[in-house]
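Numbering (our numbering), first residue to last: 6 to 465. For each residue, glycine too, the CB sits at the ideal point set by N, CA and C. Single-structure report; data block below.
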Amino acid sequence: MCGIGLAVFRQLCAAASACLIVVACGTSFGWIAPTLVKLRSEDSEIPMSSAEASWMIAIIEVGNLFSPIPAGLIVDKMGRKPLSLITGPLYLISWLIILRIKTVAALCFARIVQGLALGIVFTVVPMYLGEIASQHVRGAITSLFQIAFYLGFLFEYIIGPFVSYDALVIITLCLPIAFVALFFWQPESPYYYIIRGREDEAESSLMWLRGTSNVEDIKEELMDITQTVQKEMSNKASIADVIATPTDRKALLIVQVVGGVKILSGLPAIVSYSTELFQRTGFTMIPPYVMTIIMGSVLFISGFFSTALTDLAGRRPLLIISTAGCAFSLGLISLFFFFFDNTDYDLSDYSWVSPACIILYNLFLAFGLDPVSMTYRSEMFPANTRAVASSINTINFTIGAFITLKLYQIVADGIGVYFIFLIFSLTCWFGLVWMYFYAIETKNKSLSEIQQALSKSTQS
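Here is the structure:
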């Protein structure tokens, strides 16, 4: 193996090792679906009410709220690799607490710890992936993050129904152990070494990642990295700079609305409550746990195609089609549950409608709203405000996810499942109208051209 082949192989090894902790992040959400059924059963080791369950599920976002900003502030001092490695023990500790201390309070504390790790991972690992990748494979390398996250869901969906509560926790805690064992041997980002003035180590890291022992082969790229870092570090931005100009405000607004619609369309609640949700539909032809596995497979498999599709079809048309599809699917789910729970109509012949629409929602989301929201986050902001804007986005989306997770059970129990899905659907319809008028196309545009397009859109 030589040349480009060796370089790609080494970058994939480093990226896959880093993404093991992203899989662990996915398991902290996916674990809920098969476990909630066991926790709410009559022979549960940890009896809990609906209110306690909703807090246990949603409280992960409390931890996630507090770690992104500190992680963003220290990542240039501590390094991408050491800060990422810290999350392995955090996840391990959280799963050991869940395994050994079987109380609602312990579950909630463990979920907060997982949230802290989650915030670090979502701040640092995408940065690491983007910085180690060659330009021609950067899209593929960075797309591993989304694929790994959904793999975590699928991992829990497939294993959870067939093993005990304790066995599932033991199997799951192996992931952060494997992450530390494998990622420990991977190189640090050459960007970090340049930031710290450690040119020799940056050279060694880049040579390994590019599969060469000849410094001349990476000399030009190393010079580009050095110039980029010097420019970015000389223009460090504050929070005020993110909204300093109409162009900055437009970029932030677009990312906030698109990402907010994705979260408030119900994604966190649907993937967490999926098995219980499928049970509610009355569809008995396929067991609820199998429907959950199908849903997880749709999310996972679509991750392999979504990144390429955003470049092929364009961001804006994909966003509009996806959001319309999500709104329509969620509306049908709401309509079904309204008649199912509040009328005497016999819907046994139509029990397939709701589960089919849940799968359809996930499909539409995975091919538009989800990848485009992630792409917009990396494209819309100039280099000097990108890190600050990323922290703001992460915190706001975390608040949105907490609201979605907490309100789902409250509204479902208090008013009905139909009403929470009506809210999800109306959110998408609102987002669709807004995106039609204000979302911009960034396909085949450089970052500077995107800034020009944003500036032009604020003047029209």
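Any idea what DSSP makes of residue i, helix, strand or coil?
| i | result |
| --- | --- |
| A172 | helix |
| F189 | coil |
| D205 | helix |
| R215 | coil |
| G436 | helix |
| N449 | coil |
| A138 | coil |
| S148 | helix |
| I400 | helix |
| P131 | helix |
| T108 | coil |
| A444 | coil |
| T463 | helix |
| S334 | helix |
| P166 | helix |
| P387 | coil |
| T40 | helix |
| T348 | coil |
Mark residue i as exposed unless 16 or more other C-beta atoms lie within 10 angstroms of its C-beta, in which case mark it buried.
| i | result |
| --- | --- |
| G120 | buried |
| T280 | buried |
| S210 | buried |
| T177 | buried |
| I346 | Checking the displayed sequence, the identity of residue 346 turns out to be Asp instead of Ile. Exposed. |
| D171 | exposed |
| C362 | buried |
| E193 | buried |
| N219 | exposed |
| K82 | exposed |
| D375 | buried |
| M290 | exposed |
| N69 | buried |
| V303 | buried |
| N449 | exposed |
| D10 | Sequence check: residue 10 is Gly here, not Asp. Exposed is the call here. |
| E161 | buried |
| A249 | exposed |
| Q414 | buried |
| F167 | exposed |
| L427 | buried |
| E454 | exposed |
| A56 | exposed |
List the endpoints of the continuous alpha helix (DSSP H) containing residue i.
| i | result |
| --- | --- |
| V377 | 374-384 |
| Y355 | Careful: Y355 lies outside any alpha helix (DSSP H) and carries neither H nor E. |
| I420 | Looking at the DSSP string, I420 is not in any alpha helix (DSSP H), and its letter there is neither H nor E. |
| P195 | 195-200 |
Let me check you understand the geometry: is the CB of residue i closer than 8 Å to at least one non-hydrogen atom of the ligand ZN?
| i | result |
| --- | --- |
| T403 | Among the ligands in the structure shown, none appear at all, so the ligand ZN cannot be discussed. |
Between the alpha carbons of residue i and residue j, how many angstroms are there, rounded?
| i | j | result |
| --- | --- | --- |
| L258 | F283 | 35 Å |
| R254 | E225 | 35 Å |
| I117 | I51 | 18 Å |
| T1 | S33 | No information on residue 1 is available, as it lies outside the stretch 6 to 465 that the chain covers here. |
| L368 | F305 | 10 Å |
| C299 | W100 | Residue 299 is actually Ile in this sequence, not Cys. Their backbone Cα atoms lie some 26 Å apart in a straight line. |
| T432 | D229 | 43 Å |
| K461 | G216 | 43 Å |
| D349 | W434 | 29 Å |
| I175 | Y366 | 32 Å |
| R15 | R85 | 17 Å |
| G93 | F189 | 11 Å |
| G165 | L173 | 6 Å |
| T286 | S356 | 6 Å |
| V80 | I268 | 26 Å |
| A58 | L41 | 8 Å |
| L227 | Q191 | 19 Å |
| L323 | G308 | 15 Å |
| V260 | I223 | 35 Å |
| S311 | A153 | 14 Å |
| N398 | R201 | 27 Å |
| I137 | S378 | 22 Å |
| T463 | Y381 | 17 Å |
| M212 | D205 | 11 Å |
**Report entry** Contained alpha helix (DSSP H) runs [length at least 4] in the region 219-294, N- to C-terminal order
**Finding:** 224-238, 244-247, 251-269, 272-277, 279-285
Requested in this report: Tell me the start and end of each unbroken alpha helix (DSSP H) in the region 44-103 that is at least 4 residues and wholly inside, in chain order.
Outcome: 55-63, 65-71, 73-83
Requested in this report: Within the region 301-329, note down every full alpha helix (DSSP H) run reaching 4 residues or more, in order along the chain.
Outcome: none
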